[in-house]
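Notes follow once the structure below has been shown.
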Amino acid sequence: MNYQVNEKGYYGNFGGAFIPEMLYPNVEELRKNYLTIIQEESFQAELNVLLRDYVGRPSPLYFAKRLSDHYQTKVYLKREDLNHTGAHKINNTLGQILLAKRLGKSRIIAETGAGQHGVATATVCALMGLKCIVYMGEVDIKRQAPNVARMKLLGAEVIPATSGSKTLKDATNEAIRDWINNPLDTYYIIGSVVGPHPYPDMVARFQSVISEELKKQLFEKTGNENPDYVIACVGGGSNAAGAFYHFLETENVQLIAVEAAGKGIESGHSAATSVLGKPGIIHGSKTLLMQTVDGQITEPYSISAGLDYPGVGPIHAHLFETGRARFVSATDDEALKAAFLLCELEGIIPALESGHALAYLEKLNADSKDVVVVNLSGRGDKDLATYLDKLKIEK
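First residue of the sequence shown? That's 0 in numbering that gives the first Met the number 0, and the numbers climb one at a time after it.
Rendered as structure tokens:
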């Protein structure tokens, strides 16, 4: 079975480029040039220096002893939360900003949900001296206020998306409209493994640094580069794609993708796409998508803004359909409980998104000798208001 994209931009039955005619020149320019550019020796040299000296890579692989004792297995955390800007998102934005410069673009646009991709994009634009515009749902602007402040401090213009559910899906719609209206000077930095080909493949390649490091670090710590399980949360799925990438062909490594069940899968307030979705087209690619019987997109829900998306990237739709990855879900309450447990046992405040991945440890029933890696995709500073509200309710 092949888990990589083919020459037409498909992962099995999913992917492709379903775009308006006005976007065709932009996407085609990118498709024709991205592999050649990112594989150039000078590109890789510049990217690697920035990842090391600016981002702080390699991110640590940490053996969580007290969490391991709690679950009676060996739990390692890939600490993407320790990257500059506090999440895995900057791995991808650095790669794409270097690509945009080589393509001669001077204006950068982006969409963001939890704000982590917006902050990462604003950061690399400041670093490179490029104009930055970030689209963000009005609801997300309110619940992720610290990241909005960080984007503005870094010089970005944050434009609210006020249509639909006023969250990530709507912010993406606005960014695509901007791109259509500004085709010549503008580059769209997409933050996840979604969108028309070549974005899903390109973002997965930039995030694959996570699993590349993970294999080396795990070998140094255990003598075996392959864990028994890799667990990551999935909204669009960029951190999961990066954590899974170098294990896709190693079938004895179990890959577990944790979606947001929200208030319960059947509650009408969920983002569990693998259960509730069916094939459809969103934001330029064919994938699994939550939709009504007549094809209208179902509004997703999650306490976590980064997972509040009605679809998944086409690579994940393929992994689900082939059974290569196990798709499960965690509710808001389960994610909060797992996040609080990590605070209590390890002194680490995770992002709410990562709380979903951690929540599955409760249901995994791993053996005491098993090695389990959880990709800690981001830190929880941005979610402090939500955490404090939960604590007040419990008291």
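Just so you know, even glycine gets a beta-carbon here, dropped at the ideal spot from N, CA and C.
Query, Result
"Given that a residue counts as buried once 16 or more other Cβ atoms are within 10 Å of its Cβ, and exposed if not, what is R51?", "exposed"
"Distance check for E352 and C232, CA to CA, integer angstroms please.", "6 Å"
"Between V147 and I140, is the Cβ-Cβ spacing less than 8 Å?", "yes"
"Relative to the alpha-carbon of R323, which residue among D331, I314, T330, R56 has its alpha-carbon at the smallest distance?", "I314"
"For T286, does the three-state DSSP call read helix, strand or coil?", "strand"
"Ordered along the chain, which non-local residues of its own chain (more than five positions away) have a Cβ less than 7 Å from that of I189?", "Y198, V202"
"Whole angstroms are fine: how far does the CA of L49 sit from the CA of K73?", "32 Å"
"Do you know offhand how far K88's Cα is from Y9's?", "23 Å"
"So, for R101: in the same chain, excluding its five sequence neighbours on each side, which residues have a beta-carbon less than 6 Å away from its beta-carbon?", "I36"
"Out of curiosity, what's the CA-to-CA distance linking G276 and E20?", "27 Å"
"Just tell me which of K389, G346, Y228, A113 has its CA closest to the CA of R65.", "G346"
"Between S266 and K214, what straight-line distance do the alpha-carbon atoms span, to the nearest angstrom?", "39 Å"
"Output the boundary residues of the alpha helix (DSSP H) element that contains K215.", "208 to 221"
"Is it the case that the Cβ atoms of L387 and Q216 are separated by a distance below 8 Å?", "no"
"Can you give me the start and stop residues for the alpha helix (DSSP H) that A121 sits inside?", "115 to 127"
"For the alpha helix (DSSP H) holding R262, just list the boundary residues, first then last.", "Note that residue 262 is Lys in the sequence shown, not Arg. Neither: K262 is in no alpha helix (DSSP H) and is coded neither H nor E."
"I need the straight-line Cα distance from S301 to R204, nearest angstrom please.", "27 Å"
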